[in-house]
Each structure stands twice: as structure tokens, then as C-alpha cells.
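The UniProt record's numbering applies: residue 1 is where the sequence shown begins, and numbers increase by one.
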Amino acid sequence: MTYDLVSLSIIMMIAVTCPIITQLIPGKLMPQTVLLLVFGAIFGPFILDKIWVTKAVELLSELGLAFLFQLDVVLSAFAAGFILRFVTPNGNHTLNLKLEGVGYGFLIPVFFVVSGASIDVKAVVANPALLITFIIMLLVRAVPIFVATTLDHRVNPLDPQDKLTVSLYCTMALPLIVAVTSLAVQGGTMHQTIASTLVAAGAVTVFLMPLLGGLTSKLMKGETRLIAPTA
1 MTYDLVSLSI IMMIAVTCPI ITQLIPGKLM PQTVLLLVFG AIFGPFILDK
51 IWVTKAVELL SELGLAFLFQ LDVVLSAFAA GFILRFVTPN GNHTLNLKLE
101 GVGYGFLIPV FFVVSGASID VKAVVANPAL LITFIIMLLV RAVPIFVATT
151 LDHRVNPLDP QDKLTVSLYC TMALPLIVAV TSLAVQGGTM HQTIASTLVA
201 AGAVTVFLMP LLGGLTSKLM KGETRLIAPT A
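Now the structure itself:
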């Protein structure tokens, strides 16, 4: 019980602090999900060892995963869920808002913090080649997206620089990576080292892609202004 209370208290502190830090960073360059993972890794068992992934913490993390992918399993996980669904078959707007507040304000941050606590930072640092390989593989995902938007013969309002920016943003898949690797490690089909490196690569892309997208957009628009004929 002590481990549960300590771990949940630290996780709650991180969940409250990260949005504030994100707003204070100039230009909002650090996404909140990345901060949650970073703090989770710092306070996790591989560094400070202040967050213990107990059964209670795992339960809240799994509920956060359900909210993250909008799975209707949060209410059904409890007997009250069946009753509420029977009483309000068409849903209740006020109730849904309250549940979303709990989910997005607490359960989803718990999921990311717990996922960060599962990252073996030393293993990631010890194998930088694997980390770089995963980052490159994620970047490659931008190529087919850019080609698809370019070959689309329908009326497309996007300029070439906007297509490139959209393609770079579409390479980010951190929530999906965190969810899949967490399930794979729990199922024994993936080693923790590989999962840690994949999550770290996803976090790097979430931090890096907006910067690259904004930079390429500015550069290409600047070149367009230089090429455009002057009156």
C-alpha cells in the first residue's frame, strides 16, 4: 500500500507539473507527452527508483490506455458501467464530460508516466545505433505520405511546402508506439530494451518533427518569395 501511495503521489505531481512546464517553455517546443515520458523515466526504477509499477498503478495505466484510444472499456470495467449504460443508453453529456476530464486530466498522464518509468535509459544510451535506426525508420514513413499527397489528382489546396510539413507531422506515432510496446512487453513478445528504444525514438520524433516541419515550411516559403516575379 505504501508503494502504491508513493508512486501515485509522484505520478500525480508529474501530471500536474508537466502542463505548467509546457506552457512556460518558449515556443512550446517540448510536447507534454514527451515531458511525461521523461519524468517517468527519471523517477522510474532505472534511475531514481521512486515510481514502482504495482498492480494498482498498472490498472490506472491500462485505464489511461483505454481513454487514449477512446475504447469503451472504462465504464464496462466496473459494475456501475453496465447500470449507467442501461439507464442512459444514449449517453449523458455531463457525465461524459466528467469522465473525459478524469481520463485526459489524470488517467492518460498516468499511462505516459508509467510508460516512461518502464524505459531502460541505460540500455537506450548503450545502443545509440539502434535508436538512430528506429528514428530513421519513423522518418521514412513521411515518404509515402508525401508521394500520396503529390499524386492526388483531386483539387488539393496544399502547397508543396505544406505537403512536406504534413508528411513530417504524420511520422509522429508516439501514443501508438507506447501502447503497442507496453502490450508486447507484458505479453513477453518483446524485450524491454527494444521497447525502451522504440519509445525513445518515438519521443525524439515528437520533439523533432514540429521543428523540422516549421523549418522546412519557412525555408520553402522563403524560396518561393525569392523566385516569384516582382512587379
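All C-beta atoms, glycine included, are put in the ideal place defined by N, C-alpha and C. Everything numeric in this text was worked out from a predicted model, so none of it was measured.
- Message: For residue 160, count the other beta carbons within 10 Å of its own beta carbon; 16 or more makes it buried, fewer makes it exposed. Which is it?
- Response: By the beta-carbon neighbour count (other beta carbons within 10 angstroms, threshold 16), residue 160 is exposed.
- Item | Short Cβ contact (9 Å threshold) for residue 115 with residue 211 | Their beta carbons are not under 9 Å apart, which means residue 115 does not touch residue 211 by this criterion.
- Go ahead and label residue 177 buried or exposed: buried means 16 or more other beta carbons lie within 10 angstroms of its beta carbon, across all protein chains shown. Residue 177 sits buried, since 16 or more C-beta atoms from the chains shown fall within 10 Å of its C-beta.
- Message: Considering only the alpha carbon of each residue, which of 199, 110, 117 and 112 lies closest to residue 45?
- Response: In this structure, 117 is the residue among 199, 110, 117 and 112 with its C-alpha nearest to the C-alpha of residue 45.
- Item | Residue from 165, 146 and 199 with nearest C-alpha to residue 181 | Among 165, 146 and 199, the Cα nearest to that of residue 181 is on 199.
- Message: Going by DSSP, what residue range makes up the alpha helix (DSSP H) through residue 40?
- Response: Following the DSSP letters along the chain, one finds residue 40 inside the alpha helix (DSSP H) bounded by residues 32-43.
- Inter-residue Cα distance where the pair is residue 209 and residue 39: Going by the C-alpha atoms only, they are around 21 Å apart.
- For residue 138 versus residue 201, is the C-beta distance shorter than 9 Å? Their beta carbons are under 9 Å apart, which means residue 138 touches residue 201 by this criterion.
- Pair within 9 Å by beta-carbon distance, residue 61 and residue 110: In this structure, residue 110 lies closer than 9 Å to residue 61 by Cβ.
- Item | N- and C-terminal bounds of the alpha helix (DSSP H) containing residue 112 | The continuous alpha helix (DSSP H) containing residue 112 extends over residues 108-117.
- Query: Just reading off the alpha helix (DSSP H) that residue 2 is part of, what are its end residues?
  - Reply: First-last of the alpha helix (DSSP H) with residue 2: 2-24.
- Query: Could you give the distance in angstroms between the alpha-carbon of residue 47 and the alpha-carbon of residue 106?
  - Reply: Their backbone Cα atoms lie some 23 Å apart in a straight line.
- Query: What number of angstroms, rounded off, separates the C-alpha of residue 120 from the C-alpha of residue 192?
  - Reply: Whole-angstrom Cα-Cα distance: 7 Å.
- Query: Taking the C-alpha atoms as reference points, what is the distance between residue 175 and residue 34?
  - Reply: Using only the alpha carbons, I get a separation of about 10 Å.
- Item | Backbone CA spacing between residue 183 and residue 131 [nearest angstrom] | So the alpha carbons of these two residues sit roughly 20 Å apart.
- Message: Can you give me the C-alpha to C-alpha distance between residue 194 and residue 52, rounded to a whole angstrom?
- Response: Rounded to the nearest whole angstrom, the CA to CA distance from residue 194 to residue 52 is 21 Å.
- Check whether the Cβ atoms of residue 57 and residue 108 lie closer than 9 Å to each other. Cβ atoms of residue 57 and residue 108: not closer than 9 Å.
- Message: Looking at the secondary structure, which residues open and close the alpha helix (DSSP H) in which residue 48 lies?
- Response: Taken as a continuous stretch (DSSP letters only), residue 48 belongs to no alpha helix (DSSP H), as it is neither H nor E.
- Task: Would you kindly report the start and end of the unbroken alpha helix (DSSP H) that includes residue 139?
- Result: Annotation for residue 139: the continuous alpha helix (DSSP H) segment containing it runs 128-140.
- Query: Taking the alpha carbon of residue 59 as the point to measure from, which residue in 29, 145 and 7 has its own alpha carbon closest?
  - Reply: Closest by C-alpha distance to residue 59, out of 29, 145 and 7, is 7.
- Item | For residue 172, the nearest candidate out of 207, 151, 54 and 196 (CA to CA) | Comparing Cα positions, the closest option is 207.
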